[in-house]
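Engineer: Counted from 1, the sequence shown has number 21 at position 21 by the UniProt record's numbering; the numbering is strictly sequential. Ideal placement from N, C-alpha and C gives every residue a C-beta, glycine not left out. The structure is given below, and queries will be raised subsequently.
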Amino acid sequence: MTRYSTTMWEAKAIDGKADQIIAWLSNSVVPQFVLRDPQCRTEVYRSADDRVVLIATGAAWSPQIPDIPDGLSERPPHQWHFEPCGASWTQEWPARAGTHTLPEDIIVRDIAYRESADAIDPSGNLLDLYLPGGADGPVPLVIWTMGSGFTAPSGRDVGEMFAAQLLPHGYAVAAVAVRGSYQAQFPAQKHDTLDAVAFLRRNAAQYSLDPKRFAYIGHSSGGWSAAVAGTEGHGESAVSAVIVLSAPSDIAAMDRQALPDAAQRIAAGKVEPDVVDVLPAFDGRHEAADSPEGMFLGGSVSSRRDQAVAASPALHVSAEGPPFLIAHGTEDEYVPFAQGATLYRALADAGRDVTFVVLAGGNHVASLPPWPSQIVEKATETRSVEGRVTTTSAVSGAGWSQILNFLDTHLAG
Numbered sequence: 001m002t003r004y005s006t007t008m009w010e011a012k013a014i015d016g017k018a019d020q021i022i023a024w025l026s027n028s029v030v031p032q033f034v035l036r037d038p039q040c041r042t043e044v045y046r047s048a049d050d051r052v053v054l055i056a057t058g059a060a061w062s063p064q065i066p067d068i069p070d071g072l073s074e075r076p077p078h079q080w081h082f083e084p085c086g087a088s089w090t091q092e093w094p095a096r097a098g099t100h101t102l103p104e105d106i107i108v109r110d111i112a113y114r115e116s117a118d119a120i121d122p123s124g125n126l127l128d129l130y131l132p133g134g135a136d137g138p139v140p141l142v143i144w145t146m147g148s149g150f151t152a153p154s155g156r157d158v159g160e161m162f163a164a165q166l167l168p169h170g171y172a173v174a175a176v177a178v179r180g181s182y183q184a185q186f187p188a189q190k191h192d193t194l195d196a197v198a199f200l201r202r203n204a205a206q207y208s209l210d211p212k213r214f215a216y217i218g219h220s221s222g223g224w225s226a227a228v229a230g231t232e233g234h235g236e237s238a239v240s241a242v243i244v245l246s247a248p249s250d251i252a253a254m255d256r257q258a259l260p261d262a263a264q265r266i267a268a269g270k271v272e273p274d275v276v277d278v279l280p281a282f283d284g285r286h287e288a289a290d291s292p293e294g295m296f297l298g299g300s301v302s303s304r305r306d307q308a309v310a311a312s313p314a315l316h317v318s319a320e321g322p323p324f325l326i327a328h329g330t331e332d333e334y335v336p337f338a339q340g341a342t343l344y345r346a347l348a349d350a351g352r353d354v355t356f357v358v359l360a361g362g363n364h365v366a367s368l369p370p371w372p373s374q375i376v377e378k379a380t381e382t383r384s385v386e387g388r389v390t391t392t393s394a395v396s397g398a399g400w401s402q403i404l405n406f407l408d409t410h411l412a413g
């Protein structure tokens, strides 16, 4: 079923501030809606009495506007949400699983991949499945998990964006949530990651997926899930290719690797609004019990040293496993660039096939496709196979093209 929801947001501008509100909406809010849902439609307008109105309509999600910057509005803005709005449709599942051709793309939402231990909020163990229309027989699957600093079960976010890009190329997409740290601590998130892969493989025939062609992509703590699948996934939970975007890999090392001014950058708001919304209280520290990593481990990193080691994919690399593509910005305020470099070096030293894209000047979200053109111009790409560096060059593709080239190479039928 495709459902549409509309949010209408209104602010009464302080005299002379309407243009600043419009600029804030256009430059900081609307791009995040489009990032999450490329089909999102927005309209921003100004009334004669200096009210500024934003109308956003998106598929299967509820647009939420962040808090307006101080000093722009006479009163707190109003927000209304309408659902459903627009067209919707349903389709019966084909009777003969594994051999059918879907006449059009189909979305199956809220699939439980394991019984949730959280009866109040089971969203941490759900996935959404996007299947390409016109595919004759089993298709390769790309599993996607969005990050949240381990804090929230928001892994399905921007699944629509990945589906919009990958379904036309014949890939199915599974957007997978894992439990947040307020629901459970490590190793729950590791179990969720591997259980989701195993569930999809066990049910591959039902959804016409090719169980031999699974890839895992994730950003930030979602990239950690991808790395876990690529280093500790075996048998039913194994994958054939991994893409890790700006993810932690050696948790105990994060504090000493952090940018010296990370806290100041975050406090000054020199990061993307969506990141601030996910981790509003993060101050650049990774060691403390109330840091994202501390809440994930259940205590300060130094007091939970064994758990930190167990939760660090770079420390669990073996000689056997799928190829990796890693992309990381050198100016990442949230996950130090050295975390990506550490994972690359561990894989290369083990003789694995690994490509490392260095996004010079890129921050935490620079690795989310499409990569900013000014970052791509300065990016470099290094590939290591069987312990030998085979290429070091400008990147062979930017954002989606890089991802698609990697998937096409390693998930070829």
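1. Which full runs of the beta strand (DSSP E) of 3+ residues lie inside the segment 336-395, going along the chain?
2. Return the CA-CA distance between I243 and A262, expressed in angstroms with no decimal places.
3. Excluding sequence positions up to five away, which residues of its chain have a Cβ less than 8 Å from the Cβ of V395?
4. Out of R156, K17, D290 and V385, which has the shortest C-alpha to C-alpha gap to E320?
5. Can you list, in chain order, the residues of its chain whose CB lies under 7 Å from that of G233, leaving out five sequence neighbours each side?
6. What residue does the beta strand (DSSP E) around L131 start on, and which one ends it?
7. Identify, in the order they occur along the chain, each residue of the same chain with its Cβ nearer than 6 Å to the Cβ of P322, setting aside the five sequence neighbours on each side.
8. Counting only the same chain and skipping the five closest in sequence on each side, list residues whose C-beta sits under 6 Å from that of F296.
9. If we ignore side chains and look at the alpha-carbon of each, how far apart do R305 and G133 end up?
10. In chain order, what residues of the same chain have a beta carbon less than 7 Å from the beta carbon of L166, not counting five sequence neighbours either side?
11. So D250 and L315 are supposed to be a Cβ contact under 8 Å. How far apart are they, rounded?
12. Could you give the DSSP three-state label for M295: helix, strand or coil?
13. By a C-beta neighbour count over all protein chains shown, 10 Å radius and 16 as the cutoff for buried, is E160 buried or exposed?
14. Can you tell me where the beta strand (DSSP E) holding L325 begins and where it ends?
15. Buried or exposed: which applies to Y45, given that a residue is buried once 16 or more other Cβ atoms fall within 10 Å of its Cβ?
16. Assuming I111 is part of the alpha helix (DSSP H), what are its boundary residues?
17. Just to check my reading of the structure: P313 and A227 have Cβ atoms closer than 8 Å, yes? What is that Cβ distance to the nearest angstrom?
18. In chain order, what residues of the same chain have a beta carbon less than 6 Å from the beta carbon of W224, not counting five sequence neighbours either side?
Structural biologist: So, from the data block:
1. Correct list: 354-359, 380-385 and 388-394.
2. 25 Å
3. V357, V376, A379, T380, E381 and Q402
4. V385
5. In its chain, beyond the 5 residues on either side, L194, V197 and V239 have a beta carbon closer than 7 Å to the beta carbon of G233.
6. L126 to L131
7. Cβ within range, chain order: G230, V239, S240, A241 and V242.
8. F150, S181 and F186
9. 48 Å
10. V142 and V173
11. 6 Å
12. helix
13. buried
14. F324 to G329
15. exposed
16. First-last for I111: I106 to A112, but that is the beta strand (DSSP E), not the alpha helix (DSSP H).
17. 4 Å
18. A247 and P248
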